[in-house]
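This report concerns only the one structure given below.
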Amino acid sequence: MKPGEDKVYSKLSYSKLFKPLNYVIATGIYTDSIDEAVANQQQQLQKQVSDIIIQSIIIAIVILVIGLFLAIKFSSDLIRSILIVRDKLVLLSKGRLVDKNKTKRADEIGDMFLALDRLVDSTREYIALANSIKKGDLNRTINSLDDDDLLAKELVEMRSNLKRIISETNEVLEKAKDEGDLKARIDLGEKEGMWLTMSESINNLLNSLAEPIDEVQMIFSHLAIGDFTVRYEKSSTGDIKILAENINKSLNQISSLFQEILMTTEAAGQAAQEMLSAGEEMNATTNEIA
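In numbering that gives the first Met the number 0, the protein residues as written are 0 to 289.
Rendered as structure tokens:
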């Protein structure tokens with residue numbers, strides 16, 4: 000029984016002999032005290048578990064709220080950035096210039112803005128090159144931002160082709176103007192499209208000028224040897240036709256004049272011959288009378 004109680008309780012005991020003094024040392028504990036201690040410990044554990052669960056739920060709610068706030072903020076930034084890029088791309092697609100973003104972000108959105116800024120820089124370079132060509136400046140270069148920039152390469156090649164065409168045209172025209180060489184022509188090799196058409200047109204223009212001059216030169220060559228029978232016979236139009244008609248008219252008049260001169264000369268010769276014959280007859284008659 001427990002001290003101060005009449006009820007009998009089970010008890011666990013332990014004893015051990017201490018031989019030097021021949022004492023027996025013993026101790027014990029009532030089993031109901033063990034049960035009570037275990038129950039108290041279980042209650043404390045349950046309370047701790049409950050506290051941990053409540054704390055975990057509170058922490059999870061806080062993390063969820065923070066996560067939702069960050070997700071909403073990130074989504075808003077992302078949507079706003081996408082809308083900015085979309086609006087600027089729409090303006091660029093309409094041929095308008097837009098300002099650069101000058102972002103300092105180091106994430107994917109920053110990369111997207113940097114790519115858009117490079118596109119803006121490239122567009123400005125293309126426009127500057129086009130303005131230079133419009134003003135006749137064919138020496139401007141383009142600062143390509145990428146070695147694989149096909150548009151920049153095509154623009155530079157177009158400028159080079161135009162510069163080469165103009166240079167070849169100037170060379171041919173200068174030969175015609177300074178040297179009188181009307182046989183020089185633009186090389187049609189490796190040309191296509193409008194470049195070929197323009198070169199052929201210039202060559203045809205030179206041909207339309209050279210052929211009449213060659214024809215006139217041939218006429219004067221015949222005139223130099225006294226042949227007044229040649230005429231300008233090549234088909235022509237416009238001012239060249241008027242020139243050809245005037246040349247032929249002049250040749251006809253010159254030929255008629257020479258014919259008249261020839262006929263007059265022949266008549267004068269015949270008259271002189273008749274006068275000579277008459278003189279000889281008069282001399283013969285005079286001699287007979289004498």
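No residue lacks a Cβ here, since even glycine has one placed at the ideal position from N, Cα and C.
Quantities reported herein were computed from a predicted structural model and do not represent experimental measurements.
Query                                                                                                  : Result
As assigned by DSSP and simplified to three states, the class of F17                                   : strand
Beta-carbon proximity list for T168, same chain, < 6 Å, skipping 5 on both sides                       : I201
S198 (DSSP reduced to helix, strand or coil)                                                           : helix
V84 - containing alpha helix (DSSP H), residue span                                                    : 30–92
Bridge partners - Y22, DSSP secondary structure assignment                                             : F17
CB contact flag (V97, V64, <7 Å)                                                                       : no
Residue nearest to T102 in terms of C-alpha spacing, selected from K10, L82, F112, I218                : F112
Cβ-based burial, K87 [other Cβ within 10 Å; buried from 16]                                            : buried
Cβ-heavy atom distance, L242 to the ligand HEM, below 6 Å                                              : No copy of the ligand HEM appears in this structure; indeed no ligand is present at all.
Buried versus exposed call for S80 [16 or more other C-beta atoms within 10 Å across all chains shown] : buried
Three-state secondary structure assigned by DSSP to K176                                               : helix
Y13 versus D177, L77, V23, residue with shortest Cα-Cα distance                                        : V23
Straight-line Cα distance separating L172 from L149                                                    : 34 Å
Cα-Cα separation between E199 and L187, rounded to whole angstroms                                     : 7 Å
Rounded separation between W194 and K182 - CA only                                                     : 20 Å
Where A243 falls, given that 16 or more other Cβ within 10 Å makes a residue buried                    : buried
Range covered by the alpha helix (DSSP H) that runs through R133                                       : Checking the sequence shown, residue 133 turns out to be Lys, not Arg. Taken as a continuous stretch (DSSP letters only), the alpha helix (DSSP H) holding K133 covers 107–133.
Reference D226; option with closest CA among K233, M217, L128, S166                                    : M217
Proximity of H221 and V229 at Cβ, strictly below 7 Å                                                   : yes
C-beta atoms of L137 and L154 nearer than 7 Å                                                          : no
Counted within 10 angstroms of its Cβ, other Cβ atoms place I185 as buried (16 or more) or exposed     : buried
Same chain only: Cβ atoms within 7 Å of K162, ignoring 5 sequence neighbours per side                  : L137
Euclidean distance between Cα positions of Q252 and G192                                               : 49 Å
Where G188 sits in the DSSP three-state scheme                                                         : coil
Simplified DSSP state of G237, which is helix, strand or coil                                          : helix
Span separating the alpha-carbon of A175 from that of E273                                             : 59 Å
Residues near L90 by beta carbon distance below 6 Å, same chain, minus five either side                : V97
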